[in-house]
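Here the structure is laid out as structure tokens; the discussion comes afterwards.
There are 2 protein chains.
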Amino acid sequence: MSGVKKAVVLVSGGLDSATTLAIAQHQGYLCHALSFRYGQRHVAELDAANKVVEFANVGIHNTIGIDMGKIGGSALTDPAIDVPDRPTQGIPVTYVPARNTIFLSLALGWAEVLGVQDIFIGVNAVDYSGYPDCRPEYIQAFEQMASLATRAGVEGRVTRIHTPLIELSKAGIIRAGVDLGVDYSHTVSCYAADDRGYACGVCDSCRIRRDGFLSAGIPDPTLYR
Amino acid sequence: MSGVKKAVVLVSGGLDSATTLAIAQHQGYLCHALSFRYGQRHVAELDAANKVVEFANVGIHNTIGIDMGKIGGSALTDPAIDVPDRPTQGIPVTYVPARNTIFLSLALGWAEVLGVQDIFIGVNAVDYSGYPDCRPEYIQAFEQMASLATRAGVEGRVTRIHTPLIELSKAGIIRAGVDLGVDYSHTVSCYAADDRGYACGVCDSCRIRRDGFLSAGIPDPTLYR
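In order, the protein sequence lines correspond to chains A and B.
Sequential numbering of the first sequence, starting at 12, is according to our numbering.
Sequential numbering of the second sequence, starting at 12, is according to our numbering.
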């Protein structure tokens with residue numbers, strides 16, 4: 012296995028992470044996929060993650076359970092908070108407190124066990140719904156912390172957090188993915204998808220996704236209910 | 012509740028976190044306790060956390076499950092790796108990759124939901140078993156990352172990670188705790204405790220704890236089997 016570049020890629024089942032996985036593979040990485048069962052409202056997201064991973068040629072696919080409902084505070088994990096059906100000002104209620112930090116921390120631990128120093132995450136600072144943990148300065152700070160947190164870091168091996176989508180528009184992401192053969196019909200972006208993966212068409216995430224396909228001039232394969 | 016200082020305190024059931032909780036309360040914080048069910052070898056640790064929290068006067072006690080066995084790589088979460096019964100060189104196999112980062116990330120998320128900016132963790136850089144994520148430079152880097160990760164950070168409210176034990180010897184920790192009325196018979200430090208919480212007496216953690224009581228000149232209330 013020496014000489015093979017390996018990476019851990021966070022795969023949620025959404026459009027962004029499917030594209031990120033394709034980009035990492037295109038860059039020559041043997042990819043291990045990491046998904047989370049974190050109290051999402053719907054099982055469709057994990058079904059989509061399984062489909063994306065099946066279709067791609069990954070190494071290991073690991074799904075880690077985290078009881079994030081115990082944290083609460085987000086429409087995505089707390090059934091008492093509704094997903095908004097129209098745009099809102101500021102950081103929206105779909106923001107899951109510290110989610111990317113929690114996900115990247117678990118990726119960091121798994122990467123260390125696998126002997127991997129490259130982690131890919133599909134965060135995006137353009138059409139990003141206003142989440143603080145999608146900004147480049149956050150990612151940079153996480154990298155700095157990671158290099159001090161681990162055995163690898165102590166031994167001088169630096170962990171890199173790759174964010175190939177961070178500067179792309181949603182249309183740009185979709186074009187990049189289509190060029191690499193990503194089948195977006197496998198992905199689910201909707202915050203309120205039903206169990207079959209059918210999208211609501213009105214939440215923030217649906218709106219950004221639909222506009223992305225429109226601007227990219229690519230037919231939208233999303234199943235709307 | 013305005014004017015009341017609130018904190019989230021990580022409580023594992025060990026000697027260090029019990030002392031940290033007592034120190035945070037002594038500093039005037041209303042403390043919410045956070046524990047983790049993360050695939051520890053034994054239930055004694057969580058039983059001890061419950062006892063420590065019951066005895067102290069905390070606000071909410073939240074126990075979050077994380078499937079860290081899926082990460083593997085540590086004698087503490089992987090039944091295939093034995094806990095060593097004698098000192099080892101370098102970072103030991105009881106090191107759980109990125110554990111403090113994962114725990115602090117979840118604390119960060121919960122703190123944000125509670126509107127709390129102060130997090131206490133009982134890391135210690137002196138008798139610390141050689142874990143990289145117990146060093147002051149790591150804690151500082153986590154704080155910097157945290158201020159960029161959250162809604163609170165974006166709004167200018169800085170998260171502080173308090174590490175009151177970081178410069179203390181184990182004997183110093185024990186003396187501080189005894190002065191504050193901590194009952195160490197409630198705590199379990201052993202990496203290989205049995206279900207009743209009886210300690211092996213030979214693992215790294217037992218050795219450091221036993222030496223601590225000896226140097227502090229305080230009777231060791233630990234139940235050895």
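Idealized CB from N, CA, C, for every residue including glycine.
Residue i, buried or exposed, once every other Cβ within 10 Å from all chains shown has been counted against 16
| i | result |
| --- | --- |
| V15/A | exposed |
| S23/B | buried |
| H173/B | buried |
| S28/A | buried |
| I71/A | exposed |
| M12/A | Note that M12/A scores a pLDDT of 47, beneath 50, so its modelled location is shaky; the value from the coordinates is reported in the next line. Flag for M12/A reads exposed. |
| N135/B | buried |
| V169/A | exposed |
| D129/B | buried |
| H171/B | Note that residue 171/B is Arg in the sequence shown here, rather than His. With fewer than 16 other Cβ atoms within 10 Å, it is exposed. |
| G223/B | buried |
| G39/B | exposed |
Min CB distance residue i to chain B below 8 angstroms
| i | result |
| --- | --- |
| L117/A | yes |
| R146/A | yes |
| A44/A | no |
| R168/A | no |
| D215/A | no |
| D93/A | no |
| I132/A | no |
| A60/A | no |
| T198/A | no |
| D190/A | no |
| E123/A | yes |
| V165/A | yes |
| I185/A | no |
| V20/A | no |
Chain A within 8 angstroms of residue i, Cβ atoms only
| i | result |
| --- | --- |
| M12/B | Confidence in M12/B is poor, its pLDDT being 47 and thus under 50, which makes the residue's placement too unreliable to answer from. |
| N73/B | yes |
| A152/B | yes |
| I229/B | no |
| Y40/B | no |
| Q128/B | no |
| T161/B | yes |
| K81/B | yes |
| D78/B | yes |
| Q51/B | no |
| I172/B | no |
Contact under 8 angstroms by Cβ, residue i with residue j
| i | j | result |
| --- | --- | --- |
| A35/A | F131/A | yes |
| T30/B | G188/B | yes |
| Y195/A | L159/B | no |
| V20/B | I82/A | no |
| A60/A | D206/A | no |
| P108/A | G84/A | yes |
| S216/A | Y235/A | no |
| H53/A | A204/A | yes |
| T112/A | S46/B | no |
| A157/B | R186/B | no |
| D58/A | G208/A | yes |
Cα-Cα separation between residue i and residue j, rounded to whole angstroms
| i | j | result |
| --- | --- | --- |
| V64/B | A118/A | 30 angstroms |
| G212/A | R220/A | 9 angstroms |
| G50/B | D78/B | 6 angstroms |
| P175/B | A18/B | 13 angstroms |
| E166/A | P143/B | 10 angstroms |
| G192/A | H37/A | 11 angstroms |
| L26/B | I92/B | 24 angstroms |
| V199/A | V127/B | 34 angstroms |
| L32/B | C42/B | 8 angstroms |
| A210/B | P232/B | 11 angstroms |
| R110/B | W121/B | 17 angstroms |
| P114/B | R146/B | Sequence inspection shows Phe at residue 114/B; the Pro mentioned does not correspond to that position. In a straight line, the C-alpha of F114/B is about 15 angstroms away from that of R146/B. |
| S180/B | N68/A | 50 angstroms |
| I177/B | Q151/B | 12 angstroms |
| V137/B | D190/A | 54 angstroms |
| H197/B | A44/B | 16 angstroms |
| K62/B | Q155/A | 37 angstroms |
| F66/B | T161/B | 32 angstroms |
| G133/A | R48/B | 29 angstroms |
| I184/B | P230/B | 14 angstroms |
| A182/A | R218/B | 59 angstroms |
| L225/A | C214/A | 17 angstroms |
| G80/A | G80/B | 20 angstroms |
### 3-residue-minimum beta strand (DSSP E) runs that sit fully inside the region 141-186 of chain B, ordered along the chain
171-173
### Query
Which parts of the region 13-44 of chain B are runs of the beta strand (DSSP E), unbroken and 3 residues or longer, counting only runs that do not cross its ends?
17-21
### Query
Which ranges does the beta strand (DSSP E) cover as unbroken runs of at least 3 residues, wholly within the region 51-88 of chain B, from first to last along the chain?
72-76
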